[in-house]
Amino acid sequence: MNRFAVASPRTITEAAVAMSTTVASAMTLATGTAEPGDAAIVKAGGIDLLDLLKEGLLRPARVVNLADVPGLADVTEEKDGGLRIGPMVTLAALAAHRLVHERYPALAEALSSAASPQIRNVATLGGNLLQRPRCWYFRSNAYHCLRKGGGHCFAVAGANQYHAIFNNMACAIVHPSTAALVLVALGANIEIANAAGTARRLALEDFFVPPERDLQRENDLQPHEIVTAIRLPKPSASLHMAHLKQAEKDSFDWPLADVAVALELSAGGACTRAAIVLGAAAAVPYRAKTAEGLLTGKRIDEKLAAEAAHAAGLHLRSDLPPAMTGEDFGWMLQTCPGAYVWIGNGPGADLHNDGYDFNDAILPAAATYLASVARRALAEG
Ligand SMILES: Cc1cc2nc3c(=O)[nH]c(=O)nc-3n(C[C@H](O)[C@H](O)[C@H](O)COP(=O)(O)OP(=O)(O)OC[C@H]3O[C@@H](n4cnc5c(N)ncnc54)[C@H](O)[C@@H]3O)c2cc1C
Ligand code: SF4
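The number in the working numbering is simply the position in the sequence shown, starting from 1, with 3 added.
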């Protein structure tokens, strides 16, 4: 970690003036160099930021700590019945907030399912929405991948088990924020202020930037901009919502898959609005629009729900199963053309899985095959 100065602004404008660049730009510039840059970046709880600093992926000259800006952790009911949530509220405090429990139970559930109690006591909602992706190549200083300004995506041929299943051709990260799914399903807005004191507000869904729009940032935050609030609309009496998360571990683990659903039903039981948002599936919280369209205007029964679930996965490339291969191979293939050959794996569990059972009897045949490939390559010069 490099040495850096710390700024403790007392107002939002002071903070925006002090913050010279987004973490995404600072990382792109810092990666691949040993020099500290002149970046001044924002810190909230610091959970994600410290990871990046310790890995040497980020070398700021100054860290702008938002902890002393008054009001940024407030949660207030608005005149229209909506909720205004300050970005510095911790995940634990927001999950325990009475109005969140009563009116947005799916959000309380999602917040409580993220990370561990210790992390939730420090991590803030703003930081959660703006945390950088978990792709292991991205998180390692050894891999200068596309998202950090390099020329190659290591996940394509490398270890991509936890990567995107939708829209994954440019960069296959999955969106890391659990809270974002529910907030998008509930139609939340995000409020941002800049150094000139001007505020802008946009739908949270539009704040997230997919790789096809920009490979090197995940959101629309600009230099000298601070997130000042998340606004939730008042829930209608007919709103039903749920969040489900599946992870490998029950505690402190990002989801393998999760989903947030918000449905509004008419007095007769027909669905008047459906939002189905998939997590850990794409680079941004992914709206399953075909499934939403199937539900809208109809009464939902078991059969229709099953059809919608199927429709939510219609764009899956079933011919490309996720692979758990070797990152060193991904790196090697950049410079040396090659191919993966699986021999002796059988139809059982995948590599790096407890149930994996290699067929040792295949080794002589595999060695013969490898030798024949080498002989042919040598003969062809
Ligand atoms: C073991 C583990 C498990 C985890 N599991 C999950 C999980 O299941 N689900 C999940 O969602 N998360 C999970 N996390 C991630 C964790 O929730 C985030 O790292 C945390 O929420 C980040 O919040 P923070 O306040 O510490 O942000 P920081 O690290 O301080 O900041 C994160 C980013 O946000 C920017 N930022 C913060 N606030 C503002 C603001 N107001 N204006 C402008 N920019 C801002 C910072 O500049 C930085 O780029 C896990 C983390 C760990 C370590
Ligand atoms: S998916 Fe590829 S380009 Fe995207 S962060 Fe990972 S290695 Fe980098």
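We put the beta carbon where it would ideally sit given N, CA and C, even for glycine.
- prompt: What do you get for ASN124, buried or exposed, if any count of 16 or more other CB atoms within 10 angstroms of its CB means buried?
  reply: exposed
- prompt: From MET4 to THR371, what distance separates their C-alpha atoms?
  reply: 49 Å
task: Look at ALA206 and ALA285 and say whether their C-beta atoms are less than 8 Å apart.
output: no
field: Buried or exposed by the 16-neighbour rule on C-beta atoms within 10 Å, applied to TRP345
entry: exposed
query: Candidates ALA342, TYR359 and GLY341: which alpha carbon is nearest ASN348's?
result: TYR359
field: Environment of GLN225 [buried if 16+ CB atoms lie within 10 Å]
entry: exposed
query: Helix, strand or coil: how does DSSP classify GLN121 here?
result: helix
message: Using a Cβ distance threshold of 8 Å, determine whether the stretch 132-143 contacts the stretch 92-102, with at least three qualifying pairs required.
response: no
field: ligand 2 heavy atom lying under 7 Å from the CB of CYS156
entry: yes
N-terminal and C-terminal residue of the alpha helix (DSSP H) that THR293 is part of: 292-298
query: From VAL212 to ARG13, what distance separates their C-alpha atoms?
result: 30 Å
SER176 CB to nearest heavy atom of ligand 2 below 7 Å: Reading off the sequence shown, one finds Ile at residue 176, where the question assumed Ser. Checking every heavy atom of ligand 2 against the Cβ of ILE176, one is found closer than 7 Å.
query: Between the C-alpha atoms of GLY200 and GLU17, what's the straight-line distance to the nearest angstrom?
result: 9 Å
query: Taking C-alpha atoms, which residue in ASP304, ARG302, ALA309 and ALA315 lies nearest to THR293?
result: ALA315
field: Cα-Cα separation between TYR146 and ALA183, rounded to whole angstroms
entry: 28 Å
- prompt: At a cut-off of 7 Å, is ASN362 close to ligand 1 when judged by its beta-carbon and the heavy atoms of the ligand?
  reply: no
- prompt: Which value, in whole angstroms, describes the spacing of the CA atoms of SER254 and ILE176?
  reply: 22 Å
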